[in-house]
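In this note's numbering, the protein residues as written are 712 to 1152. Okay, so here's the structure we're looking at.
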Ligand code: UD1
């Protein structure tokens, strides 16, 4: 089994470019199957989630080539009878649910398992279902129920018809799925309370490059005028907001000096603001951000929020930095019900964290045990330990903890990290970290 071994406290120094955004690419790949001709997509991250998606698209019948971050996809040979071949792949990843929207547009009928993904607590898909229903899709709600041992998304319609869709909350997944199901629907679709994340905008931009008529992406109201057909296009995926934030936090955690280049700095405004509030020096230009880590670090309060708020995906890396402060900090996790499991690993490294658990109702109005906030005592330093990465972003947090900790840290469960970070070990090593992957078999 491969693990990451880190000898910590080396300040990260230098410049790096991050890859294209995972969460954008995972929406763009299914969007590409809506075209009548091939697309060429550049800056696609070479990570296991993308490889997984490519496997699904190939099994559906698409021709896919992926080399040097360039992905060529020819969707013309996708066949509806192939949908049943991807059940296992669908179950093991969250973003597989974008195939519901894309395949409804293509075939007006989809039967597929519910998606898997990181265990962050309750992750209902009621807003996706609501959007599909509004567009005219009949969905068997019994089959989606949590009571089902093998829940299934079973939707069909005669045609997709534009509609007004009011989301109860801004959901990245439901917004992208509504885009995928409405771009070729008859008439106009309006999405209200839509998600505004940079990856949502990037998927919309890709669809527009294919010939879709979408306005308002990046605001909470998106208008889609259905078109008859979409063409393949050439496109380059936007830089990964979450990877950029990860490297920024790592720079601060190691008292480093790191410049991330080829990016859109505004995507990180909420992170920049918090890092500054803690006492770090941040400067930026048109397409770069430089973080100089400072000590002592002040305590802060972070509330995760939909974009442009602080991203939940950087909550865990931020938790590590809070441990290194001299004052106490608080995190309020407003997006997911159980995203503090990683704190148990930090406690092994000398952290002092109290997770506050509460009772609340889930999407089906059942009482659940939620972890919505935590107090991070500023203990000033961490010490190396053997720790486990329980999910993708927790894994990035564990690596940052190892980089900042005194002594040696061994991180296992690195398959989670490789889902979303391309060569995280090589990237940190290029910045001067003492980090390597070791096969412990
Ligand atoms: C996406 C990202 C994930 C990120 C999250 C929030 C991808 C592949 N994943 O996940 O990395 O952490 O956005 O930025 O892009 N919700 C409902 N009903 C729904 C859908 C969502 O109640 O039908 C709730 C969720 O439980 C959560 C909130 O809405 O509390 C936001 O979820 P959403 O934005 O949909 O997250 P994902 O698309 O799953």
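Even for Gly, the Cβ is constructed at its ideal location relative to N, Cα and C.
Residue i beta carbon near the ligand UD1 (any heavy atom closer than 8 Å)
| i | result |
| --- | --- |
| residue 839 | yes |
| residue 906 | yes |
| residue 733 | yes |
| residue 821 | no |
| residue 1074 | yes |
| residue 1032 | no |
| residue 1048 | yes |
| residue 730 | no |
| residue 885 | yes |
| residue 1028 | no |
| residue 880 | yes |
| residue 1024 | yes |
| residue 738 | yes |
| residue 1014 | no |
| residue 836 | yes |
| residue 1083 | no |
| residue 1017 | yes |
| residue 1107 | no |
| residue 758 | no |
| residue 950 | no |
| residue 1111 | no |
| residue 806 | yes |
| residue 910 | yes |
| residue 974 | no |
| residue 960 | no |
| residue 953 | yes |
Exposed unless 16 or more other CB atoms sit within 10 angstroms - verdict on residue i
| i | result |
| --- | --- |
| residue 1137 | exposed |
| residue 1076 | exposed |
| residue 712 | exposed |
| residue 991 | buried |
| residue 946 | buried |
| residue 1087 | buried |
| residue 1040 | buried |
| residue 1029 | buried |
| residue 921 | buried |
| residue 882 | buried |
| residue 984 | exposed |
| residue 1133 | buried |
| residue 1104 | buried |
| residue 916 | buried |
| residue 1072 | exposed |
| residue 760 | buried |
Chain-order list of residues whose beta-carbon lies under 8 Å from that of residue i (same chain, five-residue window excluded)
| i | result |
| --- | --- |
| residue 979 | 952, 955, 956, 959, 1000 |
| residue 724 | 967, 968, 969, 1142, 1143 |
| residue 972 | 726, 727, 728, 998, 999 |
| residue 931 | 881, 903, 904, 905, 907 |
| residue 780 | 730, 731, 753, 754, 755, 756, 757 |
Sequence-distant residues of the same chain with beta carbon closer than 6 Å to residue i, five excluded per side
| i | result |
| --- | --- |
| residue 806 | 737 |
| residue 862 | 825, 855 |
| residue 814 | 821 |
| residue 748 | 942, 943 |
| residue 1051 | 1066, 1082, 1085 |
| residue 1012 | 1041 |
| residue 928 | 912, 915 |
| residue 926 | 934 |
| residue 1018 | 907, 908 |
| residue 782 | 752, 755 |
| residue 838 | 878, 882, 885 |
Same chain, Cβ closer than 7 Å to residue i, neighbours up to 5 away in sequence not counted
| i | result |
| --- | --- |
| residue 1045 | 1014, 1015, 1016 |
| residue 714 | 1121, 1122, 1123, 1125, 1149, 1151 |
| residue 1090 | 1034, 1061, 1062, 1063 |
| residue 652 | No information on residue 652 is available, as it lies outside the stretch 712 to 1152 that the chain covers here. |
9 Å Cβ cutoff, residue i in contact with chain D
| i | result |
| --- | --- |
| residue 812 | In the structure shown, chain D does not exist; there is a single protein chain. |
beta-carbon residue i near the ligand COA non-hydrogen atom, thresh 8 Å
| i | result |
| --- | --- |
| residue 1143 | Ligands in the displayed structure: the ligand UD1; the ligand COA is not one of them. |
Examine the Cβ distances between the region 935 to 954 and the region 894 to 905 and report whether three or more of them are shorter than 8 Å.
yes
Decide if the region 952 to 970 is in contact with the region 803 to 813; the criterion is three or more beta carbon pairs, one per stretch, under 8 Å apart.
no
Report yes or no: do the region 1035 to 1052 and the region 1002 to 1009 share at least 3 C-beta pairs separated by less than 8 Å?
yes
Report yes or no: do the region 1126 to 1134 and the region 1099 to 1114 share at least 3 C-beta pairs separated by less than 8 Å?
The answer is yes - the region 1099 to 1114 touches the region 1126 to 1134, with three or more Cβ pairs under 8 Å.
Quick test of the definition: if touching needs 3 or more C-beta pairs under 8 Å, does the region 795 to 805 touch the region 841 to 853?
no
Indicate whether the contact test is met: 3 or more Cβ pairs, each with one atom in the region 764 to 776 and one in the region 724 to 731, closer than 8 Å.
no
How about the region 870 to 882 and the region 899 to 917: do they share at least three Cβ pairs that are nearer than 8 Å?
yes
Are there three or more Cβ pairs, one per stretch, closer than 8 Å when the region 880 to 894 is compared with the region 713 to 722?
no
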